[in-house]
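Colleague:
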Amino acid sequence: MPAKTSKRQPARELLFGNLWEYDPAPETASPQLQSRYQLFIDGKFTAPKTKKYFPSISPRNEETLAEIALAGAADVDAAYAAAAKAFPAWSKLPGAERGKYLYRIARLLQDRAREFAVAETLDGGKPIKESRDFDVPMAAAHFFYHAGWADKLNSVTPGKTLAPLGVVGQIIPWNFPLLMLAWKLAPALACGNTVVLKPAETTSITCMKFATLLLEAGLPPGVVNFVTGAGETGVAVVNHPTAKKIAFTGSTVVGKSIQHALAGTDKKLTLELGGKAANIVFEDAAIDQAVEGIINGIFFNQGHVCCAGSRLLVQESIADRVLAKIKIRLRSLRVGDPLDKNTDIGAINSQNQLEKIRELVDAGVNEGAELYQPACSLPSKGFYYPPSIFSGVTLSQRIAREEIFGPVLSILTFRTPEEAIEKANNTAFGLSAGVWTDKGSLILKMSTELKAGVVWANTYNKFDPTSPFGGFKESGFGREGGKQGLLEYAQLI
Ligand code: NAP
Ligand code: MG
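Our numbering applies: residue 1182 is where the sequence shown begins, and numbers increase by one.
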């Protein structure tokens, strides 16, 4: 009788690695950039009263792409005044009419999708295949979805209707600049609010391009106003007395400071903050699919993802096998020019973020975890970091507790579902989690007991405008998307 072959075959490696070089596949569409962007207030591009501008550089090669206006308190004041003036007419417009504007915005964004994708990649560093196939189409999808709700607001909660709040202040981060703008603007406008929005300092360009699209759509002046600037501009947006609600997406530290600032006021608040998600792989899972989910979970958008699966919890019996497969997969990832269509991991958004990643990786090494980085040559200009994994991680280490917000995975092991749940929930955050198993009952148990706003089963990083997204604990409160997201921008009457 032939010897029984083991079911546990060693992970095999396809020999693609160094056999040939890929030809460059640069994206050539023009991003149609201006050399200078003004503020967008009351439907007009307006020079800042501060008379100051700051550069937006491309993390791809550190070149300055454009100058961005720095909004001071007086500019934020003007933006709120314009939004307040626009509110009565906008909020009284029949929902179907507001919906038409949102449909128009969605279609115009689709028309100019390539141009927006290239601008997003240049300004933020994400691979063109992601901005082209994820960020821009998803942003359009959010406008389409909310356009559909605009005339159906009395069906959201039976017996009640949704009335707008007034002027809302919105602040967004740099990891998905256009998509976060869409998550914020679309529900606010569908419900009849008017808006003052501040994009992140390092990624203002697609926001300002979006203003041209609002003009093309004929949106009434003042309904949407954009104020660019740094943290101080954000403080002015948060503290302005006209705001009826503040919607913030960003770090937990800044989220806490905003919560302090708004305590005692009657402003509504939603906070979409950081995360440290557990991606949990059981021994009965389809391992190759799980490995793809692990890779996508942590390396999508260079790991600059609030819901990134940054803690891999793998069952002890398969840990060596999974680790070997991850290392093989890591060696096939292409790191480099985000404008190249073959690139899997692009540029780190800023020098600051690169330094933060380096600091936390150093901490992981010093605390005794084992670091693996595949050999890869990084471009000499720009901000780049190789995909990295740490094995032998324990819960007390900084790399298991703090959000790294970069392409760095921390791997821990567990023996039983109970231990997985305990370790997964042993974090200050509660935004998302992943579960990989063949067993439906285990998926139900895990999704019930994991303290996370989103739990993906046998997949990861799946988004849809119909599905509410948001966190628990230090990941914030409030939901974006779905009916739940609409309720955050309305009062029930
Ligand atoms: P951040 O430093 O908190 O900045 C977010 C935004 O707030 C930026 O526009 C920022 O302006 C502004 N800001 C800074 N200080 C402020 C202040 N004191 N008052 C008001 N606004 C202020 O966060 P980030 O580094 O840009 O983004 C990364 C974080 O966002 C991560 O923690 C990530 O997990 C989180 N995130 C969460 C979600 C979610 O849905 N839960 C989604 C995406 C990202 P500047 O750009 O000038 O600093
Ligand atoms: Mg930039």
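Positions of the beta carbon are idealized from the N, C-alpha and C atoms, including for glycine.
Being a predicted model, the structure only gives us computed values, none of them experimental.
Do you know offhand how far Lys1632's Cα is from Ala1381's?
Modeller: 29 Å
Colleague: Quick check on DSSP: helix, strand or coil for Lys1449?
Modeller: strand
Colleague: Among the candidates Val1434, Phe1357, Ser1237, His1421, whose CA atom is the shortest distance from the CA of Thr1446?
Modeller: His1421
Colleague: Looking only at its own chain, which residues have a Cβ that is under 6 Å from the Cβ of Ala1471, when we skip the five neighbours before and after it?
Modeller: Val1462, Trp1617
Colleague: Ordered along the chain, which non-local residues of its own chain (more than five positions away) have a Cβ less than 7 Å from that of Tyr1566?
Modeller: Ile1529, Leu1535, Ile1538, Gly1587, Pro1588
Colleague: State buried or exposed for Asn1547, treating a residue as buried only when at least 16 other CB atoms are found within 10 Å of its CB.
Modeller: exposed
Colleague: Measure the C-alpha to C-alpha separation of Lys1664 and Arg1279 and round it to an integer number of angstroms.
Modeller: 17 Å
Colleague: Does the count of Cβ pairs from the region 1244-1260 and the region 1391-1411 closer than 8 Å reach three?
Modeller: yes
Colleague: What does the alpha-carbon distance come out to for the pair Lys1457 and Phe1221?
Modeller: A straight-line Cα-Cα distance of about 35 Å links Lys1457 and Phe1221.
Colleague: Should Trp1355 and His1323 be called a contact, given that it needs their Cβ atoms to be closer than 8 Å?
Modeller: no
Colleague: Roughly how many angstroms separate the alpha carbons of Thr1342 and Phe1658, rounded to a whole number?
Modeller: 23 Å
Colleague: Of all the options Ser1385, Glu1243, Ser1498, which has the alpha carbon lying nearest to the alpha carbon of Glu1301?
Modeller: Ser1385
Colleague: Spell out the partners DSSP gives Ser1237 in its beta bridges.
Modeller: The partner list for Ser1237 (beta bridge, DSSP) reads Ala1247.
Colleague: Could you check how far apart the C-beta atoms of Lys1266 and Gly1403 are, in whole angstroms? I think they sit under 8 Å.
Modeller: About 5 Å; that satisfies the 8 Å criterion.
Colleague: Would you mind sorting Ile1444 into buried or exposed? The rule is 16 or more other CB atoms within 10 Å of its CB.
Modeller: In the sequence on display, residue 1444 carries Ala and not Ile. Exposed, by the Cβ-count rule.
Colleague: Are Phe1268 and Thr1375 touching if we call contact CB-CB under 8 Å?
Modeller: yes
Colleague: Is Arg1241 buried or exposed, if buried means 16 or more other CB atoms sit within 10 Å of its CB?
Modeller: Buried, since its Cβ has 16 or more Cβ neighbours within 10 Å.
Colleague: Which same chain residues, not among the five before or five after Ser1656, have their C-beta less than 6 Å away from its C-beta?
Modeller: Excluding sequence positions up to five before and after Ser1656, its CB lies within less than 6 Å of the CB of Leu1454, Gly1456, Phe1610, Gly1611, Leu1612, all in the same chain and listed in chain order.
Colleague: Under the DSSP definition of a beta bridge, which residues are partnered with Asn1669?
Modeller: In the sequence under discussion, the amino acid at residue 1669 is Glu, which differs from the Asn named in the question. Looking at the DSSP assignment, Glu1669 forms no beta bridge with any residue, so it has no partner.
Colleague: Return the residue from the list Leu1673, Glu1661, Ser1237 that minimises the CA-CA distance to Cys1388.
Modeller: The residue with the shortest Cα to Cα distance from Cys1388 is Ser1237.
Colleague: By the DSSP assignment, the alpha helix (DSSP H) with Leu1484 in it spans what residues?
Modeller: Reading the sequence as shown, one finds Gly at residue 1484 and not Leu. Looking at the DSSP string, Gly1484 is not in any alpha helix (DSSP H), and its letter there is neither H nor E.
Colleague: With a 10 Å radius around its C-beta and 16 neighbouring C-beta atoms as the bar for buried, classify Pro1212 as buried or exposed.
Modeller: buried
Colleague: Decide if Glu1669 is buried, meaning its Cβ has at least 16 other Cβ atoms within 10 Å, or exposed.
Modeller: buried
Colleague: Given 7 Å as the limit, tell me if Glu1584 has its C-beta closer than that to any heavy atom belonging to the ligand NAP.
Modeller: A distance criterion of 7 Å places the beta-carbon of Glu1584 in contact range of the ligand NAP, judged by its closest non-hydrogen atom.
Colleague: Identify the continuous alpha helix (DSSP H) that holds Pro1318 and give its terminal residues.
Modeller: For Pro1318, the uninterrupted alpha helix (DSSP H) segment begins and ends at 1317-1330.
Colleague: Rounded to the nearest angstrom, how far is the Cβ of Gly1545 from that of Ile1580, given a contact under 8 Å?
Modeller: 4 Å
Colleague: Look up Val1616 in the DSSP assignment and say whether it is helix, strand or coil.
Modeller: Strand.
Colleague: Could you name the residues of the same chain whose beta carbon sits closer than 6 Å to that of Gln1291, not counting the 5 residues immediately before and after it, in chain order?
Modeller: Result list for Gln1291: Ala1321, in chain order.
Colleague: Taking DSSP's pairing of strands, which residues face Gly1657 in a bridge?
Modeller: Glu1453
Colleague: Residue range of the alpha helix (DSSP H) that Ile1580 falls in?
Modeller: 1579-1582
Colleague: Buried or exposed, going by whether 16 or more other CB atoms sit within 10 Å of the CB of Met1182?
Modeller: The pLDDT assigned to Met1182 is 46, lower than 50, so where the model puts this residue is not dependable; a value taken from the coordinates is nonetheless given after this. Met1182 is exposed by the Cβ-count criterion.
Colleague: Going by the C-beta, is Gly1455 closer than 7 Å to any heavy atom of the ligand NAP?
Modeller: For the ligand NAP, at least one heavy atom lies less than 7 Å from the Cβ of Gly1455.
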